[in-house]
Structures are given as C-alpha cells and as structure tokens.
Amino acid sequence: KQEVTQIPAALSVPEGENLVLNCSFTDSAIYNLQWFRQDPGKGLTSLLLIQSSQREQTSGRLNASLDKSSGRSTLYIAASQPGDSATYLCAESNAGGTSYGKLTFGQGTILTVHP
Amino acid sequence: EPEVTQTPSHQVTQMGQEVILRCVPISNHLYFYWYRQILGQKVEFLVSFYNNEISEKSEIFDDQFSVERPDGSNFTLKIRSTKLEDSAMYFCAGRRGTAKNIQYFGAGTRLSVL
Chain A
1 KQEVTQIPAA LSVPEGENLV LNCSFTDSAI YNLQWFRQDP GKGLTSLLLI
51 QSSQREQTSG RLNASLDKSS GRSTLYIAAS QPGDSATYLC AESNAGGTSY
101 GKLTFGQGTI LTVHP
Chain B
1 EPEVTQTPSH QVTQMGQEVI LRCVPISNHL YFYWYRQILG QKVEFLVSFY
51 NNEISEKSEI FDDQFSVERP DGSNFTLKIR STKLEDSAMY FCAGRRGTAK
101 NIQYFGAGTR LSVL
C-alpha cells in the first residue's frame, strides 16, 4: 500500500519569506506527483504536476522538485504572501499495472503567512 | 476556463437514507474519479471510472456505493443507505486521456449524515 507523508503539519511564516514544504512517498514506481492547494471548506486546486522523468517544475513563485530515488518532493514558495495561506497537499499517482491513475494523498501542510 | 461542477454543495440526510451526489466533469475528460475527505483526515480515493465502467475501487467502496454516467455528461455517486461515518466532503475529479495529465477537482459536496 502506497503511503505519502508531509512535513511539517503546519507552518507559520512572516510575509516575504521563502519556504519549503516536504512530501515523501513510498511508491518506487511513481508515475507523477501533483501539488494542490486547498482553502478552508473548498476544493483542490492543482498547482504543479511533475512526471517521474522530470526533476522540477516551475509556475510563477512556485517550484516543485522530485527525487524518485529518495522518495521525496519539495514545494518551494518564493516571497510568500498572506494570500498563500492555505493547506498544501501532495499526491502521487502510480499508473502502472492495473492502476488507472488514482491519487494517493498526503495529510497536507497548513501554511499561514502573516503580514 | 472549464471546471468540474458538483451539486449540491451541502447535503444533509438522515442515517439509512439514499443520497446521490452529482458531478459534471470537463467535457473532454475521459477518466473520472470520486474521492472523499473525512474532517481532519487525508483525501482518500474511492473509485475510478473509464469507458462507462468502474476501472478501480478502494476497499471503502463497498456494496453501498455505486457510480453512474447515465447521459455522457453527469457522473453520479450513490450511497444506498447512509451511515454516520459516511459524513465527509466528497470530491469528483477528472482528467484527459493519459496519466500524464493533471486531475481537475470539483469544489466538493459536504455530506452530513445525522
């Protein structure tokens, strides 16, 4: 059974700080990894998707990396803003075998950026 | 920008009642999913659906659950006889043809079983 773990569980930083969120996974046959943002009581917004053949993806102030050999991914947020406050989830997909691309999620990191 | 639409946003029901949660996926998507998130817990996979049949399901998805795509647009999750522990946020998701593609999620339906 695949497991995804995120640390820290919660993070509070002042505005403007650069920060790193961590995600580790046990699936050695990972196909891709997706980072999501979840605002309280809302759905999941996809931020970045990294294929297993890639090492990183960038979108604006966000940069996600993937190290398949160590089973780790990081989400780097540059120059954080109060509007970045949300829960960040990582999820891995194993599309091999009988899997049809279901996602296995971590428990999330609750990020608070204070002015 | 196209989006996944879920209705209702909140459903309150009595234990033992049947509920149907509805989703309208993005039109060019081919793979569809239901996930749930019990308050304070991880998002969990329930079922995937492709080519008008279930392609994979989790151990949570027992005989009380069923899915349908009756008219080529709506994608529904039915819970036959709800239990208190079915209270959760239910998310519908979809993606295009290959597993390289992003899964897009709806805003969710909050199901409260009393």
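Here the protein sequences come in this chain order: A and B. 62 is the number that this note's numbering gives to position 62 of the first sequence; each next residue is one higher, with no gaps. 12 is the number that this note's numbering gives to position 12 of the second sequence; each next residue is one higher, with no gaps. Even for Gly, the Cβ is constructed at its ideal location relative to N, Cα and C. Nothing here was measured: the structure is a model prediction, and the numbers come from that model.
Would the beta-carbon of Leu62 (chain A) fall within 8 Å of that of Gln54 (chain A)? no
Taking 8 Å as the CB-CB limit, is Gly101 (chain A) close to chain B? yes
Have a look at Gln64 (chain B) and Leu84 (chain B) and give me their C-alpha separation to the nearest angstrom. 13 Å
How far does the beta strand (DSSP E) with His29 (chain B) in it extend, from its first residue to its last? Looking at the DSSP string, His29 (chain B) is not in any beta strand (DSSP E), and its letter there is neither H nor E.
Looking only at C-alpha atoms, which of A:Pro115, A:Lys1, A:Thr87, A:His114 sits nearest to Gln107 (chain A)? A:Thr87
Buried or exposed: which applies to Ala115 (chain B), given that a residue is buried once 16 or more other Cβ atoms fall within 10 Å of its Cβ? Outside the displayed range of chain B (1 to 114) lies residue 115 (chain B), so it cannot be described from this structure.
Which of the residues in the region 36-68 of chain B, read from start to end, lie with their CB under 7 Å from any CB of chain A? Lys42, Val43, Phe45, Ser48, Tyr50, Ser55, Glu56
Could you work out which residues of chain A lie near Ala107 (chain B), taking near to mean beta carbons separated by less than 7 Å? Lys42, Gly43
Of all the CB atoms in chain B, is at least one closer than 8 Å to the CB of Thr26 (chain A)? no
Under 7 Å by beta carbon: chain B residues contacting Leu49 (chain A): Ile102
Can you list the residues of chain A that Tyr31 (chain B) reaches, using a CB-CB cut of under 9 Å? Tyr100, Gly101
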